[in-house]
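These protein sequence lines are chains A and B, in that order.
Just so it is clear: in the first sequence, position 19 is 311 by the numbering used here, and no numbers are missing.
Just so it is clear: in the second sequence, position 86 is 378 by the numbering used here, and no numbers are missing.
Protein chains: 2
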Amino acid sequence: MTEKPSKNNKVSLAEVARAAGVSKMTASRVLRSEGGYSEKTREKVMAKIDQLGYLPNRLATVFAGDQTSTFVGVSIPDLGNEVFAQVLEGIDQKLGSFGYQTVLGLTQHTHEQEETWIRTVLSWQPAGLILTGRSHSARSLEMLRNAGIPVVEIWDLNSSPLDMSVGINHFDCGFDMGRYLVGCGYRQFGYVGTSHNAANAATARLDGFTKAVEDGGGKVQRQLCLHDTASFYPGYYGTEQLLAGDTQAECIFFQNDSMAFGGLQYCARNGISVPGEMGIAGWGDLPVASVLGTRLTSVRVPHLKIGQKAAEILVGRLSGEPVQTVFDAGFHLIPGSTVRNIETL
Amino acid sequence: MTEKPSKNNKVSLAEVARAAGVSKMTASRVLRSEGGYSEKTREKVMAKIDQLGYLPNRLATVFAGDQTSTFVGVSIPDLGNEVFAQVLEGIDQKLGSFGYQTVLGLTQHTHEQEETWIRTVLSWQPAGLILTGRSHSARSLEMLRNAGIPVVEIWDLNSSPLDMSVGINHFDCGFDMGRYLVGCGYRQFGYVGTSHNAANAATARLDGFTKAVEDGGGKVQRQLCLHDTASFYPGYYGTEQLLAGDTQAECIFFQNDSMAFGGLQYCARNGISVPGEMGIAGWGDLPVASVLGTRLTSVRVPHLKIGQKAAEILVGRLSGEPVQTVFDAGFHLIPGSTVRNIETL
DNA sequence: ATCTATTGCGTTACCGGTAACTTTAGCTCT
DNA sequence: AGAGCTAAAGTTACCGGTAACGCAATAGAT
Chain A
293 MTEKPSKNNK VSLAEVARAA GVSKMTASRV LRSEGGYSEK TREKVMAKID
343 QLGYLPNRLA TVFAGDQTST FVGVSIPDLG NEVFAQVLEG IDQKLGSFGY
393 QTVLGLTQHT HEQEETWIRT VLSWQPAGLI LTGRSHSARS LEMLRNAGIP
443 VVEIWDLNSS PLDMSVGINH FDCGFDMGRY LVGCGYRQFG YVGTSHNAAN
493 AATARLDGFT KAVEDGGGKV QRQLCLHDTA SFYPGYYGTE QLLAGDTQAE
543 CIFFQNDSMA FGGLQYCARN GISVPGEMGI AGWGDLPVAS VLGTRLTSVR
593 VPHLKIGQKA AEILVGRLSG EPVQTVFDAG FHLIPGSTVR NIETL
Chain B
293 MTEKPSKNNK VSLAEVARAA GVSKMTASRV LRSEGGYSEK TREKVMAKID
343 QLGYLPNRLA TVFAGDQTST FVGVSIPDLG NEVFAQVLEG IDQKLGSFGY
393 QTVLGLTQHT HEQEETWIRT VLSWQPAGLI LTGRSHSARS LEMLRNAGIP
443 VVEIWDLNSS PLDMSVGINH FDCGFDMGRY LVGCGYRQFG YVGTSHNAAN
493 AATARLDGFT KAVEDGGGKV QRQLCLHDTA SFYPGYYGTE QLLAGDTQAE
543 CIFFQNDSMA FGGLQYCARN GISVPGEMGI AGWGDLPVAS VLGTRLTSVR
593 VPHLKIGQKA AEILVGRLSG EPVQTVFDAG FHLIPGSTVR NIETL
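In C-alpha cells:
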C-alpha cells in the first residue's frame with residue numbers, strides 16, 4: 293500500500309506494469325489476452341491488476357482512435373409514456389448484452405432539445421445513435437451525416453431513412469382502426485390527443501384514421517389536441533371537453549390507451565354507456581388493458597421488440613454484417629369490447 | 293472542400309487552426325472563450341469552425357485529465373415498472389439541465405448485472421453515479437470506493453449511505469400502511485408481491501407492514517412472492533392463488549398499485565365486493581389510480597422528485613457545494629376507498 | 001529613452017492506452 | 001560455433017485536446 297497513486301487517484305496500466313516489473317506494453321498485451329507473453333508474466337501482471345484494483349480507462353483506448361467506443365446514444369421523447377419506457381428497456385437490454393452502453397437523451401418531443409443532445413452526444417464519439425422519430429432539425433441532419441456513424445430511426449417507420457429504421461407505420465395503424473370502426477357502423481367520430489410541435493407518429497395515426505373514415509363516408513368532426521401529457525387525466529377532461537361541444541360523435545379515437553381509459557372513466561362517471569351510447573378506441577395496448585373488465589379496443593404494438601430490433605441492427609451494422617435497413621415491426625388490431633361490433637348493430 | 297479529413301473522417305482542432313492560420317492553442321482558447329486573442333482572430337477561427345463543421349472531441353479533453361467528464365452512470369432495476377421510469381425521467385431532466393449525460397444501466401434487480409455494469413461504466417470515467425437501491429455486491433462496493441467519485445444511492449433511503457442517499461423509508465411506508473389498516477379494523481392480512489434476490493425496498497415495506505400489523509394484534513398470515521414482474525396480471529393471479537388457499541385474510545397488501553389493480557380486478561370478476569368482503573391496498577400511487585372509479589388505498593411517493601433531487605445533490609457535490617447527503621423525500625398515505633374505514637365499521 | 005506591464009500568440013509536454021517497430025534471449029540445425 | 005529462427009519482451013510515436021510556460025510586440029510609466 294505504499295504505491296503512489298496517480299494524480300486522479302486512479303491506478304494506471306503503467307503503475308501495474310511497474311509493480312509487475314514489466315513494460316506498459318506487456319501489461320497491455322496481457323490485459324487484452326493478445327499473446328506474446330509467457331505464462332509466468334501473465335500471472336504476475338494479473339496478480340498486480342487484482343491487487344491494485346486496476347480498472348482500464350476506456351477513454352484512452354477509444355481516444356487513441358484504434359477502437360470505436362461502445363457508447364450508443366439513444367433519444368427518447370419522454371418516459372412518462374409507458375410505451376417509450378418499454379422501447380428503451382428493449383434497447384438497453386440488447387445493447388447491454390452486446391457490450392454497448394446507452395447514453396440517454398430525453399427530448400420532450402422538441403427538435404431543439406434533440407439537436408442540443410445530438411451535438412453533445414456526438415462529442416463523446418458514440419459508436420452509433422438510435423433516435424425516436426423521423427423528423428429532425430436541419431442542423432441535426434447535418435451533424436448526423438457528418439458523424440459518419442450508424443443511425444437507427446425508430447418508432448415511426450421511415451421507408452427512406454437517414455440510415456436505418458425500425459418501427460411501425462402509424463398512418464396504417466390509424467387507417468386500419470378507422471376502417472374497422474367504420475365497419476362497426478360508426479360514421480361520426482371525435483379524436484382526443486395531445487399536440488406536439490413536431491410532425492409525429494400520433495399525427496400520422498390521426499391522418500390515417502381520418503382518411504379511412506372519410507373513405508368510408510364518415511367524418512372526424514371534432515379533433516381535440518390538448519397541451520398536456522398523453523395520460524389518464526387529460527383523456528378524462530379531454531373527453532369532457534369534446535362532449536361538451538355541440539357534437540354528434542358516436543365514437544372517440546384516442547391518441548393512446550392511457551387517454552382512452554380516461555375517456556372510459558369519464559363515460560362511466562357520467563352515465564354514458566360504452567359501447568351502447570359511445571364507442572371508445574385507444575392505441576398501444578397498455579398492460580392495464582389486459583386486466584380491466586372491459587377490453588379496450590386498441591392496437592397492439594411490439595414496443596419491446598422495436599427497441600430490441602433497433603439495437604440488433606445497429607450492433608449488426610457495427611460488426612460489419614449486412615443488415616436489413618428498414619424493419620417493419622407490425623401491429624395488431626384488438627377489437628375489444630368498447631365499440632359495438634357488427635353483431636351488436 | 294479540399295480539406296484533407298483525418299483518419300476517422302472527423303475535423304480536428306488542429307485542422308481548424310491550420311485553416312485559420314493560427315496555432316492549435318489559439319484555436320483552443322477561442323473555442324473555450326478563454327481570452328488571450330484578438331477579436332479578428334476569434335472571428336477567423338469561429339468562421340472556420342462553422343465552415344468545417346468542427347465538433348470538439350470531449351474524450352480528448354476528459355482524457356487529458358484536466359476536466360472531469362460529464363457522464364453520470366444511472367442504474368435502474370427495470371423500466372417495466374412505471375415508478376422507476378419516472379425516477380429516471382427526473383434524473384435525466386435535471387442532469388441534462390446541468391449539462392450532464394445519463395449513461396443508463398438496467399440491472400434487472402440483480403447484483404451481478406449491477407456489478408458488471410459498474411465495472412464498465414467506471415471505465416468511462418464518469419463524473420458520478422446514481423444507483424437504485426442500497427444493497428451492492430462486495431466487489432461493487434470496492435470499485436465504488438476506489439473510484440473516488442460521488443455516488444448517490446436512491447429509492448431506498450440509506451441513513452448511512454456509501455456517500456449520499458435520496459429516497460424514502462420503505463419500512464416506514466409499510467409500517468404506516470399496516471397501522472392504518474389495523475386502525476380500519478382489519479386483523480388478518482395477506483400480501484402479494486414478487487420476489488427478488490436482493491434485499492430490496494419491497495421487502496422493507498413488507499417488514500414494516502408486518503411489524504405494524506403484529507404491534508396491533510393482527511397477523512400477516514399469508515405472503516405470496518411470485519416469480520414474475522410486479523405488474524397487473526401477476527396481481528390478478530396472485531390474488532387468485534392467495535384466496536385459493538385456506539385463508540381468512542380480510543385485507544390484502546400488494547407490492548404496488550399495478551398488482552393491487554390486478555387484485556381489484558380479480559375481486560370484481562369473482563363477485564368479491566371491495567371493500568365489503570375484502571380490503572385492497574397498494575403502493576406507489578400510479579397515475580391510473582387517480583382516474584379509475586374506485587380510489588385505491590395506496591401510498592403516494594414523489595418519484596420524479598427523488599430523481600431530480602438525486603441529480604441535484606450529485607451536481608452540487610461535483611460543483612464543490614456543501615450538500616445534504618441524506619434526503620428523505622417523504623411519502624403520503626392515500627386512504628382511498630378500497631378498504632373499509634372507521635366510519636363504515 | 002528606458003523600464004516595466006500587458007496583450008496576443010506560439011511551443012512543449014502530457015494524459016493512458018495501443019500499433020508498429022525493434023531488441024533480446026533462447027533454441028534448433030547445420 | 002555461428003547462422004537462422006522464434007518467442008518474449010521493450011521502445012517510440014501517436015490519438016486531440018489543454019496546462020504551463022515562453023516570447024515578441026505594443027502600451028504606459030518614469
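For every residue, glycine included, the Cβ atom is placed at its ideal position computed from N, Cα and C.
When DSSP states are grouped into helix, strand and coil, B/I605 belongs to the helix group. For the alpha helix (DSSP H) assignment, the uninterrupted runs of no fewer than 4 residues enclosed by the stretch 393–462 of chain A are, from N- to C-terminal side, 403–414 and 430–439.
Every alpha helix (DSSP H) of 4 residues or more that sits fully in the stretch 529–575 of chain A is shown, in chain order, as 549–561.
For A/K336, the enclosing alpha helix (DSSP H) stretches over residues E331 to L344. In terms of Cβ geometry, A/V618 and A/I544 do not form a close pair [threshold 9 Å]. For B/G612, the three-state secondary structure derived from DSSP is coil.
Just so you know, the alpha carbons of B/L436 and B/E406 end up roughly 12 Å apart. A residue is called buried when at least 16 other Cβ atoms come within 10 angstroms of its Cβ; A/K340 meets this threshold and is buried.
Look at A/N301: its C-beta is under 9 Å from a C-beta on chain B. The stretch 444–464 of chain B makes no contact with the stretch 532–551 of chain B; the number of CB pairs closer than 8 Å stays below 3. The bridge partners DSSP lists for B/H624 are B/R592. Under DSSP, A/S367 takes part in a beta bridge, and its partners are A/G397 and A/L423. In the DSSP assignment, B/Q515 forms a beta bridge with B/Y483. For A/T318, same chain residues with a beta-carbon under 6 Å away, outside a window of 5 residues either side, are Y329 in chain order.
Here the alpha carbons of A/A352 and B/T333 stand approximately 32 Å from one another. One finds Q393 in chain A with Cβ atoms closer than 7 Å to the Cβ of B/T412, taken in chain order.
If the five residues before and after A/V458 are omitted, its C-beta is found closer than 7 Å to the C-beta atoms of V444, I446, I598, K601, A602, I605, F619 and A621, all from its own chain and listed in chain order. Under the Cβ criterion (8 Å, minimum of three pairs), the stretch 492–509 of chain A counts as touching the stretch 460–479 of chain A. Going by beta carbons, B/S487 and B/P567 fall outside the 9 Å limit. Assignment of beta-bridge partners to A/V375 by DSSP yields no partner. For B/A352, the residues of chain A that pass the 8 Å Cβ criterion are F355, in the order they occur in the chain. When DSSP states are grouped into helix, strand and coil, B/F390 belongs to the coil group.
Boundaries of the alpha helix (DSSP H) around B/G500: A493 to D507.
Neighbourhood of B/P579 in chain A, by CB distance below 8 Å: S523, F524, Y525 and S550, in chain order.
For A/A356, there is no enclosing alpha helix (DSSP H), as DSSP marks it with neither H nor E. The Cβ atoms of B/T362 and A/T399 do not sit closer than 9 Å to each other.
Secondary structure at A/V474: helix, using DSSP grouped into helix, strand and coil.
Interface residue (Cβ-Cβ distance to chain B less than 9 Å): A/P442 is not classified as such. Below the 8 Å Cβ cutoff, chain A contributes L371 and G372 as neighbours of B/Q378, in chain order. In the structure shown, the three-state DSSP call for A/V618 is strand. Here DSSP, grouped into helix, strand and coil, assigns A/S325 to coil. At least 9 Å separates the beta-carbon of B/E404 from that of B/S367. In terms of beta-carbon proximity, B/G397 lines the interface with chain A, with at least one pair separated by less than 9 Å. Measuring C-alpha to C-alpha distances from A/H462 to each of A/M338, A/L454 and A/A496 identifies A/A496 as the nearest.
The C-alpha of B/T531 lies about 34 Å from the C-alpha of B/L396. Here A/P369 is buried. Its C-beta has 16 or more other C-beta atoms within 10 Å.
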